[in-house]
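Protein chains in written order, with our numbering: chain A, 1 to 109; chain B, 1 to 114.
Heads up, the thing below is written out as structure tokens.
Written out as structure tokens, the structure is:
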């Protein structure tokens with residue numbers, strides 16, 4: 001059974017800082033990962049997809065994947081109050097997505 | 001495109017009542033999913049479908065039923081509502097399965113069972 005672990009937070013960072021969100025997973029067969037953002041009272045939306053080891057950058061967001069360590073992270077540079085949300089990690093692969101419980105991020109002005 | 005739509009947005013049920021949560025997508029996705037999300041928790045998969053006429057259980061299927069007669073629609077049925085089914089229910093769809101199965105979510109249905 002796949003398991004996904006995330007620090008539930010809340011993680012509080014000042015505006016303009018770097019927010020670092022982490023996710024570990026149990027299934028060594030997972031080759032891809034998704035990061036979803038969920039605002040309070042809203043549905044999840046995809047913000048990052050990563051397939052290969054290393055870094056993937058998209059604007060202020062950088063995903064880092066280390067398959068050997070079974071670890072994936074999401075860095076948010078120049079954090080804005082609009083980034084305040086819960087971030088869910090989910091490994092892809094055969095079968096269906098198993099989501100982590102999410103990390104709640106709060107960016108203080 | 002409307003994407004994934006869900007009805008109703010909110011519902012209060014009494015214990016023992018039944019209801020159907022509706023889900024429709026207009027993206028011609030083969031894969032559809034139902035999740036529940038309890039407060040402060042992640043998403044738990046209830047049922048999923050890989051195409052019209054094909055459904056399978058997820059992690060928490062007890063107390064629920066689904067059907068998939070068309071590509072567009074994937075209703076979720078609660079037969080005998082219990083307080084433990086109080087949750088927010090999300091329907092999702094994806095074009096692919098496996099490593100590239102980006103899911104698109106509906107706005108959710110908030111269900112309370114009293």
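Glycine included, C-beta positions come from ideal geometry on N, C-alpha and C.
Since this is a predicted model, take the numbers as computed values, not measurements.
In terms of beta-carbon proximity, residue 88 of chain A lines the interface with chain B, with at least one pair separated by less than 8 Å. Counting only the Cα atoms, residue 77 of chain A lies some 13 Å from residue 105 of chain A. Taking C-beta atoms as the reference points, residue 89 of chain A and residue 13 of chain A fail to come closer than 8 Å. Going by C-alpha positions, residue 18 of chain B is about 11 Å away from residue 12 of chain B. Remark: C-beta atoms of residue 22 of chain A and residue 6 of chain A approach each other more closely than 8 Å. Considering only B:28, B:78, B:43, B:87, the residue with the shortest C-alpha distance to residue 62 of chain B is B:78. Shortest Cα-Cα distance from residue 90 of chain B to any of B:1, B:36, B:27 involves B:36. Residue 91 of chain A counts as buried, since no fewer than 16 other beta carbons sit within 10 angstroms of its beta carbon.
For residue 57 of chain B, the pairing in a beta bridge is given by DSSP as B:47. Going by beta carbons, residue 100 of chain B and residue 26 of chain A fall outside the 8 Å limit.
Of all alpha-carbon atoms in B:31, B:52, B:22, the one lying nearest the alpha-carbon of residue 104 of chain B is that of B:31.
In terms of Cα proximity to residue 52 of chain A, the closest of A:67, A:84, A:79 is A:67.
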